[in-house]
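In the numbering used here, the protein residues as written are 565 to 893.
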């Protein structure tokens with residue numbers, strides 16, 4: 565049977581909203597719930613701030629231009645860590661007795677390198693040593709983060725860590741702007757792109773987890789990602805090119821997970837029903853010559869991206885629609 569899950573983010577601005585988000589994913593995505601993220605609460609709850617809260621051995625602070633590495637943690641970095649711990653307390657309470665699988669998310673090494681500045685300015689991406697240190701700190705931290713989750717939710721026996729890499733395509737194709745905004749950072753060579761991801765994937769695996777990589781961006785180098793040892797690939801079906809489709813098909817045939825974003829992540833003009841979405845996935849499988857009965861256990865249905873930009877009503881509907889499509893498949 566196919567499974568449904570969410571990408572991670574949901575709408576909401578308060579602690580009460582966070583508790584409701586946890587209840588929503590536990591109730592509607594019972595086979596594969598995820599740790600919710602509510603970036604609407606501010607920068608300390610958004611992807612980069614939450615990623616830095618996981619990184620081990622590096623300090624950061626929030627500057628007017630964004631997050632920057634520093635000698636000691638600033639108040640916003642401490643708040644990001646405190647908020648993460650508070651959210652996990654809520655998860656621990658509401659997920660008491662949960663069994664099966666659970667997914668969490670963390671910003672990937674290249675997305676952090678493209679969004680965090682060095683102590684003296686400009687992106688970490690601009691410095692080979694700095695981006696290496698950040699990736700290794702993330703690898704160390706994600707292992708500890710997963711150990712913390714295991715301690716909190718003891719009944720779960722399958723842990724998935726989704727490594728979010730929305731900036732990977734921009735890094736690979738020299739599209740990340742410099743501090744001045746007039747230039748672009750050099751492209752990073754494929755061996756280094758792969759190595760940094762491999763460190764994080766290996767840390768997740770060594771901690772007893774299952775690593776997926778997710779990106780909603782077009783031109784993500786999925787063949788490179790697939791070669792890093794990841795157990796799952798997750799993308800919006802609309803942005804996958806012909807070569808990417810082959811990579812996803814090969815992953816399914818090899819018994820790895822392919823998570824396809826097919827449910828709108830923002831309020832649509834006309835609300836879709838489950839039937840045409842189900843048929844679209846079936847056509848995709850047929851086009852690639854894949855037997856639905858053979859690959860169903862490795863096929864995951866998701867929204868096209870995070871739901872932070874959706875209205876609360878559509879977010880709830882999208883989660884339920886995703887679960888319905890998975891059941892149909």
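All C-beta atoms in this analysis are idealised placements derived from N, C-alpha and C, irrespective of residue type, glycine included.
Through-space distance from residue j to residue i, alpha-carbon basis
{"i": "residue 625", "j": "residue 737", "result": "28 Å"}
{"i": "residue 715", "j": "residue 704", "result": "17 Å"}
{"i": "residue 634", "j": "residue 754", "result": "29 Å"}
{"i": "residue 596", "j": "residue 747", "result": "42 Å"}
{"i": "residue 610", "j": "residue 870", "result": "12 Å"}
{"i": "residue 782", "j": "residue 808", "result": "10 Å"}
{"i": "residue 652", "j": "residue 886", "result": "25 Å"}
{"i": "residue 866", "j": "residue 682", "result": "35 Å"}
{"i": "residue 729", "j": "residue 846", "result": "27 Å"}
{"i": "residue 723", "j": "residue 656", "result": "15 Å"}
{"i": "residue 772", "j": "residue 711", "result": "9 Å"}
{"i": "residue 731", "j": "residue 591", "result": "32 Å"}
{"i": "residue 685", "j": "residue 632", "result": "8 Å"}
Boundaries (first-last residue) of the alpha helix (DSSP H) holding residue i
{"i": "residue 696", "result": "692-716"}
{"i": "residue 769", "result": "754-770"}
{"i": "residue 668", "result": "No alpha helix (DSSP H) holds residue 668; the beta strand (DSSP E) holding it covers 664-671."}
{"i": "residue 605", "result": "No alpha helix (DSSP H) contains residue 605, which DSSP labels as neither H nor E."}
{"i": "residue 591", "result": "579-592"}
Selected residue, minimal CA-CA separation from residue i, among the options
{"i": "residue 692", "options": "759, 824, 593", "result": "759"}
{"i": "residue 750", "options": "609, 678, 614", "result": "678"}
{"i": "residue 883", "options": "829, 892, 735", "result": "829"}
{"i": "residue 578", "options": "647, 630, 568", "result": "647"}
{"i": "residue 775", "options": "807, 707, 833", "result": "707"}
{"i": "residue 615", "options": "581, 690, 727", "result": "727"}
{"i": "residue 852", "options": "892, 606, 813, 844", "result": "813"}
{"i": "residue 717", "options": "674, 660, 710", "result": "660"}
{"i": "residue 833", "options": "824, 875, 803", "result": "875"}
{"i": "residue 709", "options": "767, 862, 836", "result": "767"}
Whether residue i touches residue j by CB criterion (8 Å)
{"i": "residue 784", "j": "residue 822", "result": "no"}
{"i": "residue 725", "j": "residue 636", "result": "no"}
{"i": "residue 841", "j": "residue 889", "result": "yes"}
{"i": "residue 720", "j": "residue 663", "result": "yes"}
{"i": "residue 589", "j": "residue 604", "result": "no"}
{"i": "residue 649", "j": "residue 613", "result": "no"}
{"i": "residue 820", "j": "residue 839", "result": "no"}
{"i": "residue 764", "j": "residue 699", "result": "yes"}
{"i": "residue 792", "j": "residue 762", "result": "yes"}
{"i": "residue 622", "j": "residue 602", "result": "no"}
{"i": "residue 702", "j": "residue 618", "result": "yes"}
Host beta strand (DSSP E) of residue i (start-end)
{"i": "residue 615", "result": "Note, residue 615: premise wrong, no beta strand (DSSP E); alpha helix (DSSP H) at 611-618."}
{"i": "residue 650", "result": "No beta strand (DSSP E) holds residue 650; the alpha helix (DSSP H) holding it covers 639-658."}
{"i": "residue 867", "result": "863-867"}
{"i": "residue 783", "result": "Run containing residue 783: none; DSSP gives neither H nor E here."}
{"i": "residue 827", "result": "821-827"}
{"i": "residue 948", "result": "Missing from the structure shown is residue 948; the chain here goes from 565 to 893 and no further."}
{"i": "residue 735", "result": "Residue 735 -> not in any beta strand (DSSP E); alpha helix (DSSP H) instead, spanning 732-736."}
{"i": "residue 834", "result": "Unbroken run through residue 834: none, as it is neither H nor E."}
Using 8 Å as the cut-off, can you tell me whether the stretch 574-587 makes contact with the stretch 875-883, which would need three or more C-beta pairs spanning the two stretches below that distance?
yes
Inspect the CB distances between the stretch 738-752 and the stretch 791-807 and report whether three or more fall short of 8 Å.
no
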